[in-house]
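Participant:
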Amino acid sequence: MPGKLTNDIGTIVIDDNVLASIAGASAMECYGLVGMAAKSAAGGLVELLKREHSSKGVKVYTENDEITIELFVIVEFGTRVSVVANNIIEKVKYNIEHLTGMNVKKVNINVQGVRVQK
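According to this note's numbering, the stretch in the sequence shown is residues 5 to 122, in order.
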């Protein structure tokens with residue numbers, strides 16, 4: 005269900021794909037993140053998504069005026085997962101709220117893997 009903002013002039017509808025793109029781009033800016041992940045249907049394998057497809061590693065749920073975002077990520081080996089996850093949460097929450105004016109209820113981080121960067 006797309007996000008809606010209503011005021012005395014009219015209604016603004018923001019599609020979930022737009023919110024997913026903002027969340028994916030925001031997450032990719034964070035230190036310690038290798039990329040977004042997408043699970044394949046065959047055997048639950050995890051695939052690292054390219055930057056232009058990062059929104060596929062994001063699920064957005066909108067209810068009333070609140071947004072819940074679920075991110076599937078791959079973090080860099082040697083970084084503290086909790087610190088990277090907290091940075092992603094703060095960055096995504098800030099950017100969604102700042103750019104759309106909607107409230108973010110939750111940002112859930114699902115770490116799908118760890119990868120050594122070359």
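Quick reminder that beta carbons are idealized off the backbone N, C-alpha and C, glycines included.
Tell me the residue span of the alpha helix (DSSP H) that contains residue 101.
Facilitator: 85-104
Participant: Have a look at residue 45 and residue 12 and give me their C-alpha separation to the nearest angstrom.
Facilitator: With a pLDDT of only 49 at residue 45, under the threshold of 50, the placement of this residue in the model should not be trusted; the figure read from the coordinates follows. Distance between the alpha carbons of residue 45 and residue 12: 45 Å.
Participant: What are the start and end residues of the beta strand (DSSP E) that includes residue 68?
Facilitator: Element bounds for residue 68: n/a, residue is neither H nor E.
Participant: Using the beta-carbon count (16 or more within 10 Å), is residue 86 buried or exposed?
Facilitator: For residue 86, the number of other beta carbons within 10 angstroms of its own is below 16, and it is reported as exposed.
Participant: If we ignore side chains and look at the alpha-carbon of each, how far apart do residue 77 and residue 14 end up?
Facilitator: 37 Å
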